[in-house]
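Engineer: Residues 1 to 139 in the UniProt record's numbering are what the sequence shown spells out, letter by letter. Using N, Cα and C, we set each Cβ at its ideal position, and we do this for glycine too.
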Amino acid sequence: MTKSTLGTHPFLLGFEQLERLVERTAKASGDGYPPYNIEQTSERSYRITLAVAGFAEDDLSITVEDNQLVVRGRQSEAAQERVFLHRGIAARQFQRSFVLADGVEVGEAVMENGLLHIDLSRQPADSVVQTIRIKRSGK
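#1: What does DSSP give as the partner residues of residue 63 in its beta bridges?
#2: Please report how far the alpha carbon of residue 66 lies from the alpha carbon of residue 129, in whole angstroms.
#3: Determine the direct distance from the alpha carbon of residue 14 to that of residue 141, and round the result to whole angstroms.
#4: Closest by CA to residue 54, which one among 92, 20, 118, 110?
#5: Can you find the residues in the same chain that come closer than 8 Å, C-beta to C-beta, to residue 120, ignoring five residues on each side of it along the sequence?
#6: Secondary structure at residue 119, three-state DSSP: helix, strand or coil?
#7: Which partner residues of residue 37 appear in the DSSP bridge assignment?
#8: Between the beta-carbon of residue 35 and the beta-carbon of residue 56, is there less than 8 Å?
#9: Should residue 109 and residue 117 be called a contact, given that it needs their Cβ atoms to be closer than 8 Å?
#10: Looking at C-alpha atoms only, which residue of 37, 20, 16, 10 is the closest neighbour of residue 115?
Spelled out as structure tokens, the structure:
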């Protein structure tokens with residue numbers, strides 16, 4: 001039995017990039033840190049919430065790279081100099097990536113009670129109709 005892929009289906013032309021995206025997402029790290037929620041806040045907006053207890057705003061960075069939202073966390077050196085008798089709150093550095101569809105824009109990010117909220121919105125797609133002129137062959 002052969003494996004059918006998006007790139008080989010006759011009606012799905014140019015979807016090879018989508019197939020690579022699905023493969024890349026499937027290979028993403030299985031690390032569950034930090035935990036996160038994704039919620040739909042309206043028909044065209046979403047909110048990602050990451051639990052980042054122990055991290056300050058300056059310890060976090062949010063970037064968009066090649067249609068990926070990347071959140072990185074690294075605590076400052078001052079926090080690492082402390083002596084803990086018990087450390088139950090994770091303080092390791094992390095990188096969490098979310099793949100964004102075309103047209104999804106990152107809005108604001110807000111830190112509240114140890115939770116980092118990142119708002120996203122999806123712009124409606126433009127409907128484009130194009131007429132292709134048929135040329136007569138030179139026979």
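Structural biologist: Concretely, from the data shown:
#1: Within the sequence shown, numbered from 1, the residue matching residue 63 stands at position 63. Its beta-bridge partners are 70.
#2: As a first step, residue 66 is located in the sequence shown; it is residue number 66 there, counting from the start. As a first step, residue 129 is located in the sequence shown; it is residue number 129 there, counting from the start. Cα to Cα, the separation comes out at about 28 Å.
#3: The requested residue 141 is not part of the displayed model; the chain covers only 1 to 139.
#4: Taking the first residue of the sequence shown as 1, we reach residue 54 at position 54. The shortest C-alpha separation from residue 54 is found at 92.
#5: As a position in the sequence shown, residue 120 is number 120, starting the count at 1. Excluding positions up to five away in sequence, the list reads 45, 46, 47, 48, 69, 100, 104, 105, 106, 107.
#6: Looking up residue 119 in the sequence shown gives position 119. Of the three classes helix, strand and coil, the one that applies to residue 119 here is strand, per DSSP.
#7: Position 37 of the sequence shown, counted from the first residue, corresponds to residue 37. Its beta-bridge partners are 49.
#8: Indexing the sequence shown from 1 puts residue 35 at position 35. Indexing the sequence shown from 1 puts residue 56 at position 56. Against a cut-off of 8 Å, the Cβ pair of residue 56 and residue 35 comes out as no contact.
#9: Stepping through the sequence shown from its first residue, residue 109 is reached at position 109. Stepping through the sequence shown from its first residue, residue 117 is reached at position 117. Yes; because the gap between Cβ atoms is below 8 Å, this pair is in contact.
#10: As a first step, residue 115 is located in the sequence shown; it is residue number 115 there, counting from the start. Of the candidates 37, 20, 16, 10, the one whose C-alpha sits nearest the C-alpha of residue 115 is 37.
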